[in-house]
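Which chain is which? The protein sequence lines are A and B, in order.
Residue numbers for the first sequence follow our numbering, so the first one is 1 and each next one is one higher.
Residue numbers for the second sequence follow our numbering, so the first one is 392 and each next one is one higher.
Note that beta-carbon positions come from the ideal geometry of N, C-alpha and C, so glycine has one too.
Quantities reported herein were computed from a predicted structural model and do not represent experimental measurements.
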Amino acid sequence: MERGLSAQDQQFRQEMREFFTTQIPQEIRAKAHTGEELTKDDIATTHRLLHAAGMAVPAWPVEWGGKDWSNRQRYLWFDELQLAGVPAPLAFNANMIGPVLATFASEEMKARFLPPTAALDIWWCQGFSEPEAGSDLASLRTTAVRDGDEYVVNGQKTWTTLGQYADWIFALVRTDPAAPKPQQGISMLLIEMTSPGVTVRPIQLIDGGHEVNEVFFDNVRVPADNLVGEENHGWDYAKFLLGNERVGVAPVGWIKRKLADVKAHAAQVAEGEGTLLDDPLLAARIAELECDLAALELTVLRVAANSHHGKPDPASSILKLRGSQIQQDVLELMVDVAGPASLAWEPGDDTPDWARRSAPVYLNFRKASIYGGSNEVQRSVISSGILGLKG
Amino acid sequence: MFDAKLWRALAEMGTLGLPFPEEAGGMGAGPVEVMIVASELGRAGVRSPYAETMVAGTLLGDDALLGSLCDGSALVVPALTEPGRAWSPLPVGVVLSGGAASGVRAPVPYAAAADHVVTTARAGDSTAILAVDAPVSSTLDLAGKAIRVLAEDGEATVRRAINLGILALGAEALGAMDTALALTVDYLKTRKQFGVPLARFQTLTQRAADMYTSVELTRSVVYFAAMSLAADPDDEVAIARLKVSAGKAGRHVGQEAVQLHGGIGVTAEYAVSHLLARLTAIEHTYGDARYHLARLARRVGDYGALDLMA
Ligand SMILES: Cc1cc2nc3c(=O)[nH]c(=O)nc-3n(C[C@H](O)[C@H](O)[C@H](O)COP(=O)(O)OP(=O)(O)OC[C@H]3O[C@@H](n4cnc5c(N)ncnc54)[C@H](O)[C@@H]3O)c2cc1C
């Protein structure tokens, strides 16, 4: 870890900033400031623009479209992307199934799926959680029974984010119910959402939005070729995927952007003779969050610098934990800055968009400490995996 | 409280003069090395005026006394607090006028062992740095005291000195937190209640995980503050953020270490109580988290997004 940036990295950062702020449409980026919901088109347009510039999947192996960037450059790419309000490349493609396939799939499967996954010609969704299998994911019950050169899938997934737009789902299914440990009987299957027997039903969230779904499988026939890696090894692939999710998830640049917006908004909200930003208590909360954020960012950088050969530094477990907490803190602060204006959710009056969206976004992001391994689960990972507290 | 033997050993290893110029008897190293030494002192639970020495040495500037500070033959301590006044890096009630000083400094750290004291005084619009070359008591009334003026206009030096002192304290706090966490983890594994090790109780292990999180985040901030001072000894923002982070983490980790030990945690016999006491003292030296947060808060409107790499 070095203080500051080398001249080369400074130039890299400038190029990224230039690209994101000039090549990604302003209407899409503006939604990051107001917390407006992104449409399918917003996400797809951005992903494809990034892909065309070779910037959608920089962390992938170079032969599949990745970039030979340093850790620091990859960090700057993501930081600048978020600072500019650019929606990230679709996580299910770029951070989840892509790396799994690149690492574990047959050459044939890589060639078939990785190019359209990078280009978002396939929109993926993640079929892990089930109604009875949340934190205890290994207890999942959706079954896949081999029948000739097909699997027959029955069961239900839930919380499937953006499943309503998805072309394919990567699903964890139980292929060996008799395995001595529940983890040993799980496989990963790639299933087309248009297959007969797949039904998607929306779940409305706390903010009234529709981003998650239930997905039902009723005798869905899946070609056996769509098995990832080996049968009954799905748990290893899932753990790999969740590990990547944890490292990639600290939204440092996003929080920076929001904190800067909090300040700008606070300077516009009148209080007494001045503005809210003049209130020392509010300023102290901002300053404290900046201290917390600085500590998080420095830890992200330290951890990235210390990971070798894909083995993350153990301290990476704290990134999801603190990243979600600080993300939630800044959104809470945004509602507080909006104050009475946060009560107006619907458009149509003089309430500015950022204030109108502040409460729904704050409420929506309570999810951040629940998904991707809840914060309680992260603490268990730290206490047993790092501190050796196994009771 | 002051361990002369230990101090000689630290001097022999060259740690006392670490950041000071070789011509003055120092080692010509920098803040990163100070950070490493201080964090080891904290980890080992060694109580010593190490941070005070970093401050005093910086305040001495090119004074000949610096050589004796570096070789350990003289203990020089800074006297920077005023009785009845919250922390202020610059003097308020201590005044230099017509070659004579007035005002009171208290408490003076390690006064009983100190051979010399360096302090500051208001001299018109500027801040003077003074030396008292005689033993003093913990309350130092400067009226009528023989003083030497080391600098007439020393404000920048004072701020630099405090920056380095805070870095040393923050690093010491990090080391102390490392040990507090290690002792706690060990205790949870070995202490049995209800027929099982305490580590069986998730309410405790989840809290140990939070302690770990606080410690690792502080480590990043300490390293960065050291690199920041190496690049710019006047970087007060990185130092203020360090003092805030280390202050909050020190309270969290210190208090939880005691709590998770139960009754033995509040005994003088056992190390965690000393670590919490030391972390508490560090938090209240050279400005606490509140003081530094207030300074940071006053400037949040001056810039947009946080940029650590600028
Ligand atoms: C908005 C949103 C989007 C999501 N998107 C997807 C998706 O696209 N694909 C997908 O597969 N899943 C998705 N998830 C599911 C997510 O991964 C699960 O919600 C998560 O794993 C937690 O499971 P659960 O909701 O069943 O809670 P539970 O596991 O029932 O947990 C309830 C509470 O108990 C705590 N708890 C549970 N076990 C322990 C334990 N051992 N020790 C201590 N505390 C414990 C939890 O932390 C939580 O506080 C999404 C969830 C949300 C909210």
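Selected residue, minimal CA-CA separation from residue i, among the options
{"i": "Gly-692(B)", "options": "Ala-264(A), Leu-319(A), Gln-26(A)", "result": "Ala-264(A)"}
{"i": "Asp-394(B)", "options": "Val-428(B), Val-467(B), Ser-439(B)", "result": "Ser-439(B)"}
{"i": "Ser-374(A)", "options": "Pro-340(A), Glu-332(A), Arg-322(A)", "result": "Arg-322(A)"}
{"i": "Leu-81(A)", "options": "Met-16(A), Lys-67(A), Val-330(A), Gly-35(A)", "result": "Met-16(A)"}
{"i": "Ala-465(B)", "options": "Ala-659(B), Glu-473(B), Ala-447(B)", "result": "Ala-447(B)"}
{"i": "Ala-395(A)", "options": "Val-377(A), Ala-179(A), Asp-149(A)", "result": "Examination of residue 395(A) is not possible in this model, given that chain A is present from 1 through 391 alone."}
{"i": "Glu-413(B)", "options": "Ser-459(B), Ala-400(B), Val-635(B)", "result": "Ser-459(B)"}
{"i": "Leu-684(B)", "options": "Asn-95(A), Leu-296(A), Val-300(A), Arg-285(A)", "result": "Arg-285(A)"}
{"i": "Arg-686(B)", "options": "Gly-4(A), Trp-159(A), Asp-121(A), Cys-291(A)", "result": "Cys-291(A)"}
{"i": "Val-485(B)", "options": "Thr-449(B), Glu-674(B), Leu-699(B), Arg-513(B)", "result": "Arg-513(B)"}
{"i": "Leu-389(A)", "options": "His-643(B), Val-606(B), Arg-598(B)", "result": "Arg-598(B)"}
{"i": "Ala-368(A)", "options": "Gly-65(A), Val-86(A), Ala-250(A), Ala-52(A)", "result": "Ala-250(A)"}
{"i": "Ile-673(B)", "options": "Ala-477(B), Gly-556(B), Val-576(B)", "result": "Gly-556(B)"}
{"i": "Leu-651(B)", "options": "Ala-659(B), Ala-640(B), Ser-664(B), Glu-443(B)", "result": "Ser-664(B)"}
{"i": "Thr-117(A)", "options": "Met-188(A), Ala-344(A), Trp-235(A), Arg-48(A)", "result": "Arg-48(A)"}
{"i": "Glu-346(A)", "options": "Met-334(A), Gly-208(A), Gln-325(A), Glu-297(A)", "result": "Gly-208(A)"}
{"i": "Ala-503(B)", "options": "Ser-479(B), Val-483(B), Ala-470(B)", "result": "Ala-470(B)"}
{"i": "Val-262(A)", "options": "Val-361(A), Ile-326(A), Leu-331(A), Val-220(A)", "result": "Leu-331(A)"}
Which of helix, strand or coil DSSP assigns to residue i
{"i": "His-507(B)", "result": "strand"}
{"i": "Arg-690(B)", "result": "coil"}
{"i": "Ser-493(B)", "result": "strand"}
{"i": "His-675(B)", "result": "coil"}
{"i": "Gly-653(B)", "result": "helix"}
{"i": "Pro-177(A)", "result": "coil"}
{"i": "Tyr-335(B)", "result": "The displayed coordinates of chain B run from 392 to 701. Any statement about residue 335(B) would go beyond what the structure contains."}
{"i": "Tyr-614(B)", "result": "helix"}
{"i": "His-210(A)", "result": "strand"}
{"i": "Gly-163(A)", "result": "helix"}
{"i": "Glu-130(A)", "result": "strand"}
{"i": "Leu-140(A)", "result": "coil"}
{"i": "Lys-583(B)", "result": "strand"}
{"i": "Gln-646(B)", "result": "helix"}
{"i": "Val-303(A)", "result": "helix"}
{"i": "Leu-595(B)", "result": "helix"}
{"i": "Gln-204(A)", "result": "strand"}
{"i": "Met-700(B)", "result": "coil"}
{"i": "Ala-230(A)", "result": "Strictly speaking, residue 230(A) in this sequence is Glu, with Ala absent from that position. It is coil, neither helix nor strand."}
Alpha-carbon to alpha-carbon, residue j and residue i
{"i": "Glu-647(B)", "j": "Leu-319(A)", "result": "21 Å"}
{"i": "Gln-8(A)", "j": "Glu-130(A)", "result": "47 Å"}
{"i": "Gly-134(A)", "j": "Val-215(A)", "result": "15 Å"}
{"i": "Tyr-677(B)", "j": "Arg-632(B)", "result": "13 Å"}
{"i": "His-233(A)", "j": "Phe-92(A)", "result": "20 Å"}
{"i": "His-508(B)", "j": "Phe-365(A)", "result": "It should be noted that the sequence gives Val, not His, for residue 508(B). Looking at the two C-alpha atoms, the distance is approximately 55 Å."}
{"i": "Ala-238(A)", "j": "Val-467(B)", "result": "60 Å"}
{"i": "His-210(A)", "j": "Ile-203(A)", "result": "6 Å"}
{"i": "Gly-656(B)", "j": "Gly-490(B)", "result": "51 Å"}
{"i": "Trp-123(A)", "j": "Gly-654(B)", "result": "57 Å"}
{"i": "Lys-258(A)", "j": "His-33(A)", "result": "7 Å"}
{"i": "Met-1(A)", "j": "Arg-302(A)", "result": "For Met-1(A), the predicted model reports a pLDDT of 48, less than 50, meaning its position is unreliable; a value from the coordinates is still stated below. Spanning the two alpha carbons is a distance of roughly 6 Å."}
{"i": "Thr-518(B)", "j": "Ile-630(B)", "result": "21 Å"}
{"i": "Ile-553(B)", "j": "Leu-450(B)", "result": "9 Å"}
{"i": "Tyr-578(B)", "j": "Gly-535(B)", "result": "55 Å"}
{"i": "Asp-453(B)", "j": "Ala-415(B)", "result": "7 Å"}
{"i": "Trp-64(A)", "j": "Ala-287(A)", "result": "42 Å"}
Residues bridged to residue i (per DSSP)
{"i": "Ile-520(B)", "result": "Thr-511(B), Ala-542(B)"}
{"i": "Lys-157(A)", "result": "Val-215(A)"}
{"i": "Asp-532(B)", "result": "Val-495(B)"}
{"i": "Ala-470(B)", "result": "Thr-510(B)"}
{"i": "Tyr-151(A)", "result": "Arg-146(A), Val-222(A)"}
{"i": "Ile-400(A)", "result": "The structure shown does not extend to residue 400(A), since chain A is modelled only from 1 through 391, so no value can be given for it."}
Within chain D, partners of residue i - CB distance below 7 Å
{"i": "Glu-297(A)", "result": "Note that chain D does not occur in the displayed structure, where the protein chains are A and B."}
Would the segment 583-598 of chain B count as touching the segment 528-548 of chain B if we require 3 or more Cβ pairs under 8 Å?
no
Using a Cβ distance threshold of 8 Å, determine whether the segment 394-407 of chain B contacts the segment 618-632 of chain B, with at least three qualifying pairs required.
no
Taking 8 Å as the threshold, find out whether the segment 94-107 of chain A comes into contact with the segment 53-68 of chain A through three or more Cβ pairs.
yes
Inspect the CB distances between the segment 636-655 of chain B and the segment 601-608 of chain B and report whether three or more fall short of 8 Å.
yes
So does the segment 190-200 of chain A actually touch the segment 157-167 of chain A, counting three or more Cβ pairs closer than 8 Å?
yes
Does the contact criterion of 3 or more C-beta pairs under 8 Å hold for the segment 560-577 of chain B versus the segment 428-443 of chain B?
yes
Is it a yes or a no for the segment 484-500 of chain B touching the segment 522-531 of chain B, going by three-plus beta-carbon pairs under 8 Å?
yes
Could you say if the segment 168-187 of chain A and the segment 269-281 of chain A meet the contact criterion of at least three C-beta pairs nearer than 8 Å?
no
Check whether the segment 636-644 of chain B and the segment 607-615 of chain B touch, using three or more Cβ-Cβ pairs below 8 Å as the test.
yes
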